[in-house]
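*Asks:* Each step along the sequence shown adds one to the number in UniProt numbering, with nothing skipped, and position 173 is 173.
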Amino acid sequence: MKAFEFQDIYTPLQERDLPRPQPREGQVLIEVKAAGLCHSDCLILRDETYSMIAQHPIILGHEVAGTIIELGPRVSGFQIGENIVSALISHPISNADLATAIGLGYNGGYAEFAIVYTENIVRIPLGVTFAQAAVAADSISTAYHALITEARVNDTSTVCIIGLGGLGVAGIQVVNALTRAKVYGIDINTRKFDAAHRLGAVQCATNLEELGHIWFDAIVDFAGAEGIAAAAASAVKAGGRVVLVGIGATEITLDPRSLVFKNVAVQGSIGASKSELEQVLQCIADGRLIPVLEEVPFADIPRGLERLEKGGVTGRLYVDPSKTA
Ligand SMILES: [Zn+2]
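(1) Applying the 10 Å Cβ sphere with the 16-neighbour rule, what's the burial state of T11?
(2) Following a CB-centred definition, is S322 positioned closer than 6 Å to any heavy atom of ligand 1?
(3) Taking buried to mean at least 16 other C-beta atoms within 10 Å of its own C-beta, is K323 buried or exposed?
(4) Would you say the beta carbon of D47 comes nearer than 6 Å to a heavy atom of ligand 1?
(5) Just the residues with CB closer than 5 Å to a heavy atom of ligand 1, in chain order, which are they?
(6) According to DSSP, simplified to helix, strand and coil, what is H39?
(7) I want to know whether the segment 128-140 touches the segment 78-92 - three or more CB-CB distances under 8 Å.
(8) Only counting the same chain, and skipping five residues up and downstream in sequence, which positions put a Cβ closer than 8 Å to that of L254?
(9) Can you name, in chain order, every residue of its own chain whose Cβ lies under 6 Å from the Cβ of Q14, other than the five neighbours on each side?
(10) Apart from the five residues just before and just after residue 346, which ones in its own chain have a Cβ nearer than 7 Å to its Cβ?
(11) Who are the near neighbours of T206 in its chain, counting only those whose CB is closer than 6 Å to its CB and skipping five residues on each side?
(12) Buried or exposed: residue 329, going by 16 or more other Cβ atoms within 10 Å of its Cβ?
(13) Here's a check: name, in chain order, each residue in its chain whose Cβ is nearer than 8 Å to the Cβ of E25, leaving out the five neighbours to either side.
(14) Going straight from the alpha carbon of A223 to that of I162, what length do you get?
(15) With a threshold of 6 Å on Cβ separation, who are the neighbours of L317 within its own chain once the five nearest residues in sequence on each side are excluded?
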């Protein structure tokens, strides 16, 4: 099968012909119909500590949907021909297991075929495409968990989303699909503002100071650039929450007074639970949430990741590896 393999940080992704994997007990084999390109793959490509993956070489691609074509020995409850997406289960956080995380713990979806662990299987509801399901698994569910569960955004909230790439755009959509909250957006690239406004952002700006007249209940940072956490801690109201998702910078500096005097919480947020993915898929099936997607050819995965790295992408890039034949 055709696959893009990551060997180490000193070599670019390699297109390779590898044997089709065999499902073992507790696994199924899928024909991959959609794999989302994620900014964290860009980080993996240059992370000298290999801390985000459990093996290398590895086929990347952790937002993966497809059709079951083979069941492992003694696998029951699933049928060949079912359309599924592999959940990346991060919550409850004590149950998160990198070893069974597709494209991170073992070979993922930048390939024609991939193994999925049965405990991670979520059936794709009627009316949801493979591409929508794939990007729901990480980017939209991650935005959901950060905004609804950790930042506790509800109908009366005023919330600011920092970073209007795939996650930030999904975040605006999640908030508007589920609540009546007011959403503001921040990005250094003003070309992303039109899309953010169309999806329901009240106002966008290039930095928090421009929105200095607004007190936010919560600020969710999907970018993680230097200095943002401190600015966010100052810009939330008393009792407000700052939720960090992006890990662009390697260090944050916070004035303890900005947290203590206003009783501000700073919270990290990773991934989502299986039931959060199911809720996101239901929102897509209902038409309340329409993912912003752009298909790129399978052969263009490395170029797609370069585009993500440069930050010029609105919404989510994905490939359909079944079209390589
Ligand atoms: Zn990801």
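Note that CB positions come from ideal geometry on N, CA and C, so glycine has one too.
*Replies:* Looking at the atomic coordinates:
(1) Counting from one through the sequence shown, the residue named residue 11 turns up at place 11. Its Cβ having fewer than 16 others within 10 Å, T11 is exposed.
(2) Your numbering for residue 322 matches position 322 in the sequence shown. No - ligand 1 has no heavy atom lying nearer than 6 Å to the Cβ of S322.
(3) The residue labelled residue 323 in the question sits at position 323 within the sequence shown. Exposed, because fewer than 16 other Cβ atoms sit within 10 Å of the Cβ of K323.
(4) Indexing the sequence shown from 1 puts residue 47 at position 47. Result no, Cβ not under 6 Å from ligand 1.
(5) C38, S40, D138
(6) As a position in the sequence shown, residue 39 is number 39, starting the count at 1. Looking at H39 - three-state DSSP - the assignment turns out to be helix.
(7) yes
(8) By 1-based counting over the sequence shown, the position of residue 254 is 254. So the qualifying residues of the chain are A229, A230, A233, V266.
(9) Working through the sequence shown from its first residue, we reach residue 14 at position 14. Hits under 6 Å: E5.
(10) Residue 346 lies beyond the residue range present for the chain, which begins at 1 and ends at 325; the question has no answer from this structure.
(11) Locating residue 206 in the sequence shown gives position 206, counting from the first residue. I188.
(12) Nothing can be reported for residue 329: it is not among the residues displayed for the chain, which extend from 1 to 325.
(13) For the purposes of this step, residue 25 is taken as the residue at position 25 of the sequence shown. Excluding positions up to five away in sequence, the list reads G72, P73, R74, V75.
(14) Translated into positions along the sequence shown, residue 223 becomes position 223. Translated into positions along the sequence shown, residue 162 becomes position 162. Roughly 6 Å between the two C-alpha positions.
(15) Locating residue 317 in the sequence shown gives position 317, counting from the first residue. Correct list, in chain order: L37, E294, V296, G304.
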